[in-house]
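See structure below.
In the UniProt record's numbering, the protein residues as written are 1 to 417.
This is how it looks when you write it as structure tokens:
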């Protein structure tokens, strides 16, 4: 398949997300999509994400269109993951653009859509393992799509000699922080934390500044995140059902969809979705992408619902918006690079788990306890934690899948494994 790589939406140390388009058809039409790219030598986790996404089909989950490997000048062989382009930015961005919190009606709307997506995943046997506002994207019509499956797994799959858990410390369930299990109930806990994020504009443990403290408190303190006082009684009860510390007592996605919290969801919420402010190019596209210059506040801009999604975007990327978003003029052919893939993977490919392990091990480094601060691992970063004997290995998925191994760091964790 021939396609063109366009402007970069975001850049990280391990992956680059770009806007892309298929080659123009005879009628002059083309399709826009996002492409997430990494060097083939460190693409194992990206390939695993493609394998999982290719088996999903839900309006509440970002779509994967396939993948290919290209040989690009100066970059060697590059693995490219083709994804649905969701132009509205992340749920976290939307919260900030609404003044730092959402009204309860909006929270009901988005929480219900997240539950519909999670219910679908759980029925398929998949746990997302990193549910949070940064991993939820807002579509052109104001709807919601769960994204970033870098931490996802089949719930029934074991972990070999090392027990591994993924996620974000501030959103981790107690059983995950203790290294006991990670399955569907952990996604529900993270959903409850995301509801608090929508209501407060911050992570559920705002007073915690480093992952070690957060993990300890989540795992052993017996505390649960606080719900703001202004939340309704049914809203507080809904969050309480999500944040039961015993995963066996936590409600399932299917049960939560029947909670009275959603009784009033109807026409008013549909109207809210249609009016939800979106941005053509909000650079908070992927959690694993670092952006140096944030986009301007898009609260005064709503995307037109007319025509196809690609057509709507093309209608809005002219002079009026390109200068405002600090992107080059996309109509200039010089901003687009034609790429011909060596191989297009339309379906799930078999991923060698050993390759993923080797990718991690190649980047391993040792630090002491004092080294684990916000400068190395942030409380809101996605982590992969391995419990092996008396050591805790932490994989920071944000910065080039760097492994930070903490030997003898947290005595309480040592006693629990």
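Even glycine gets a Cβ: it sits at the ideal position worked out from N, Cα and C.
Spatial distance of residue i from residue j (CA atoms)
| i | j | result |
| --- | --- | --- |
| residue 414 | residue 168 | In this prediction, residue 414 has a pLDDT of 33, which is less than 50 and means its spatial position is unreliable; what the coordinates show is noted afterwards. Their backbone Cα atoms lie some 20 Å apart in a straight line. |
| residue 171 | residue 69 | 34 Å |
| residue 380 | residue 31 | 34 Å |
| residue 104 | residue 256 | 16 Å |
| residue 53 | residue 148 | 9 Å |
| residue 6 | residue 35 | 9 Å |
| residue 109 | residue 183 | 25 Å |
| residue 18 | residue 93 | 19 Å |
| residue 203 | residue 250 | 20 Å |
| residue 98 | residue 174 | 31 Å |
| residue 101 | residue 51 | 35 Å |
| residue 253 | residue 95 | 23 Å |
| residue 20 | residue 10 | 13 Å |
| residue 209 | residue 218 | 13 Å |
| residue 212 | residue 177 | 10 Å |
| residue 224 | residue 86 | 33 Å |
| residue 227 | residue 122 | 26 Å |
| residue 4 | residue 22 | 6 Å |
| residue 130 | residue 72 | 32 Å |
| residue 383 | residue 151 | 8 Å |
| residue 43 | residue 233 | 46 Å |
Spatially closest choice to residue i from the options, by CA coordinates
| i | options | result |
| --- | --- | --- |
| residue 2 | 10, 193, 67 and 55 | 67 |
| residue 57 | 154, 187 and 146 | 146 |
| residue 48 | 128, 9, 117 and 122 | 128 |
| residue 221 | 227, 205, 251 and 133 | 205 |
| residue 64 | 70, 46 and 72 | 46 |
| residue 185 | 232, 231, 32 and 119 | 119 |
| residue 141 | 248, 18, 88 and 23 | 88 |
| residue 166 | 243, 144 and 190 | 190 |
| residue 231 | 241, 219, 200 and 254 | 200 |
| residue 241 | 226, 188 and 61 | 188 |
| residue 246 | 216, 180, 215 and 207 | 180 |
| residue 114 | 55, 59 and 33 | 59 |
| residue 264 | 198, 106 and 383 | 106 |
| residue 112 | 143, 90 and 130 | 143 |
| residue 84 | 244, 8 and 33 | 33 |
Strand pairing of residue i, partner residues [DSSP]
| i | result |
| --- | --- |
| residue 114 | According to DSSP, residue 114 bridges with nothing at all. |
| residue 72 | 76 |
| residue 107 | Residue 107 pairs with nothing; no bridge assigned. |
| residue 36 | 17 and 81 |
| residue 10 | 17 |
| residue 244 | According to DSSP, which records beta bridges pairwise, residue 244 is partnered with nothing at all. |
| residue 137 | 90 and 145 |
| residue 61 | 146 |
| residue 153 | 127 |
| residue 22 | 3 |
Within-8 Å CB hit, residue i to chain C
| i | result |
| --- | --- |
| residue 127 | Of the protein chains in the structure, only one exists, and it is not chain C. |
First through last residue of the beta strand (DSSP E) which encompasses residue i
| i | result |
| --- | --- |
| residue 146 | 144-146 |
Residue span of the alpha helix (DSSP H) that contains residue i, given as start and end
| i | result |
| --- | --- |
| residue 218 | 211-220 |
| residue 42 | Per DSSP, residue 42 belongs to no alpha helix (DSSP H) and is neither H nor E. |
| residue 197 | 184-200 |
| residue 56 | Counting along the chain, residue 56 falls outside any alpha helix (DSSP H), and DSSP gives it neither H nor E. |
| residue 174 | 174-177 |
| residue 249 | Segment: none, residue 249 is in no alpha helix (DSSP H) and carries neither H nor E. |
Problem - the region 77-94 touching the region 37-52, judged by at least three CB pairs closer than 8 Å - result: Yes, since at least three Cβ pairs between the region 77-94 and the region 37-52 fall closer than 8 Å, the two stretches touch.
Problem - Meets three-Cβ-pair contact criterion under 8 Å: the region 149-156 and the region 119-136 - result: Counting Cβ pairs under 8 Å, three or more are found: they touch.
Exercise for the section: Report yes or no: do the region 252-262 and the region 217-237 share at least 3 C-beta pairs separated by less than 8 Å? Expected result: yes
Problem - contact_flag[the region 191-202, the region 129-142] where n(CB pairs < 8 Å) is 3 or more - result: yes
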